[in-house]
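In the working numbering, the protein residues as written are 175 to 471.
C-beta atoms are modelled at their ideal positions from N, C-alpha and C, and glycine is treated no differently.
All values reported here derive from a predicted model rather than from experimental measurement.
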Amino acid sequence: MCKENPCNKPKYPYCVEGVEVYPKPGYDYTAVDEWGKESKYFFNWWGGNLRGVRDYPINLGKHQKQLVYSPHDYGPLVHKQSWFYEGFNKDTLYNDCWRDNWAYIHEENIAPLLVGEWGGFMDGGDNEKWMTAIRDYMIENKISHTFWCYNANSGDTGGLVYYDFITWDEEKYALLKPSLWQTSDGKFIGLDHQIPLGSNGITVTEYYGGDFPEPSPTATVTPVPTPSPSPEIEKGDVNGDGSVNSTDAMWMKRFLLKLVDDFPTPTGKQAADMNDDGKINSSDMTAIKRKILKMTM
């Protein structure tokens with residue numbers, strides 16, 4: 175279904191999680207384990223077993239570049255798996271679990287890899303040891319990831335906030351923070367090409383040296399005879415490209431956060447004043463978002 179009809183979203187990634195069990199060589203899913211004998215299956219976490227990719231890789235046809243494999247990995251406080259024996263470390267975890275279940279996909283450049291879930295309680299012991307190990311492995315191999323989780327009410331792992339859902343777990347965040355993509359001066363890099371990550375972040379375009387259009391004054395600008403907008407100005411089109419979209423929302427956000435002083439077109443402020451009250455504020459931002467949503471529905 176994905177191959178034939180990818181929801182008409184040519185820029186969206188399609189994340190494929192793993193399974194829990196996969197048959198060992200010579201067996202299939204009809205094999206029945208016998209009590210007291212070696213299992214005919216490889217076991218891992220729910221979502222963590224991607225061994226089948228080697229035998230049955232996902233084929234999205236012309237949309238193959240949008241495919242991302244996304245395993246889950248957890249520590250011994252979720253379940254004491256066989257690889258969490260005394261003295262385990264990053265290397266033993268790689269050899270006993272990660273390599274054959276999902277790391278090979280990244281190493282052999284089969285497809286992009288996103289560790290979709292990892293995280294846990296700070297126990298000062300083996301669980302924290304595992305968290306540090308997988309964090310360091312992902313940093314060293316430049317593997318993208320999403321952390322589980324923000325919420326406090328995940329019983330197996332806890333979250334980045336405590337149970338009041340307000341107090342930040344500084345200790346856990348300190349462990350996570352080195353794995354977040356940031357510049358040498360501490361600015362976090364968002365994966366969006368247009369909208370920065372937070373008030374102190376930058377876009378991936380900015381990080382790689384791309385520039386947003388900047389205002390360029392010329393000597394032939396004709397003064398506007400009246401303060402009212404001309405018929406050619408479309409409300410919301412703050413960058414003057416003839417359409418209202420997420421780029422305009424990005425410019426509005428940066429303007430309201432005072433990250434920029436002006437818009438990249440002389441008519442930008444007139445286009446930004448959605449309700450013509452002579453001010454540019456959050457009401458105008460809301461109006462632009464509504465206009466964008468209406469256009470894309």
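Residue i, buried or exposed, once every other Cβ within 10 Å from all chains shown has been counted against 16
| i | result |
| --- | --- |
| GLY452 | exposed |
| LEU287 | buried |
| ARG228 | exposed |
| ASP458 | buried |
| ASP447 | buried |
| SER456 | exposed |
| MET175 | Low local confidence applies: a pLDDT of 49 at MET175 is under 50, so the model's placement there is unreliable, with the coordinate-based value given in what follows. Counting Cβ neighbours within 10 Å, MET175 comes out exposed, since fewer than 16 surround it. |
| GLN116 | No answer is possible for residue 116: the residues shown for the chain start at 175 and end at 471. |
Beta-carbon proximity of residue i to residue j, cut-off 8 Å
| i | j | result |
| --- | --- | --- |
| GLY231 | ILE317 | First, the residue type needs correcting, since residue 231 is Pro and not Gly in the sequence shown. In this structure, ILE317 does not lie closer than 8 Å to PRO231 by Cβ. |
| THR439 | GLY414 | yes |
| TYR196 | GLY221 | no |
| ASP270 | TRP257 | yes |
| LYS465 | ILE454 | no |
Enclosing alpha helix (DSSP H) for residue i [first to last residue]
| i | result |
| --- | --- |
| TYR278 | 278-281 |
| GLU345 | 344-350 |
| VAL252 | Where VAL252 is concerned, there is no enclosing alpha helix (DSSP H), given that its DSSP letter is neither H nor E. |
| GLY442 | 442-446 |
| ASP435 | Taken as a continuous stretch (DSSP letters only), ASP435 belongs to no alpha helix (DSSP H), as it is neither H nor E. |
| GLU302 | 300-314 |
Endpoints, beta strand (DSSP E) assigned at residue i
| i | result |
| --- | --- |
| LEU241 | 241-244 |
| VAL418 | From DSSP, VAL418 is part of no beta strand (DSSP E); its letter is neither H nor E. |
| TYR215 | 215-217 |
| TYR188 | 188-191 |
| TYR196 | 195-197 |
Cα-Cα separation, residue i to residue j
| i | j | result |
| --- | --- | --- |
| ASP385 | THR379 | Confidence in ASP385 is poor, its pLDDT being 47 and thus under 50, which makes the residue's placement too unreliable to answer from. |
| LYS463 | ILE369 | 13 Å |
| GLU282 | VAL190 | 17 Å |
| ASP265 | VAL252 | 20 Å |
| ASP343 | SER373 | 21 Å |
| ILE407 | ASP359 | 39 Å |
| THR357 | ILE376 | 9 Å |
| ILE308 | GLN240 | 25 Å |
| ASN419 | LYS183 | 16 Å |
| HIS246 | TYR201 | 24 Å |
| ALA445 | THR421 | 14 Å |
| TYR337 | ALA326 | 5 Å |
| LEU349 | THR460 | 36 Å |
| PRO389 | TRP425 | Below a pLDDT of 50, predicted positions are generally treated as unreliable, and PRO389, at 37, falls in that range; no measurement from the model is reported. |
| SER244 | LEU430 | 36 Å |
| ASN263 | GLY416 | 56 Å |
| TRP304 | VAL434 | 43 Å |
| PRO187 | GLY210 | 43 Å |
| VAL395 | LEU371 | Residue confidence is low: VAL395 scores 47 on pLDDT, short of 50, so the model does not pin down where it sits. Its coordinate-derived value is still stated next. Going by the C-alpha atoms only, they are around 35 Å apart. |
| HIS367 | LYS346 | 29 Å |
| TRP219 | TYR248 | 7 Å |
Closer than 7 Å: residue i CB and nearest the ligand FAD heavy atom
| i | result |
| --- | --- |
| TRP257 | Because no ligand of any kind appears in the structure shown, any question about the ligand FAD cannot be addressed here. |
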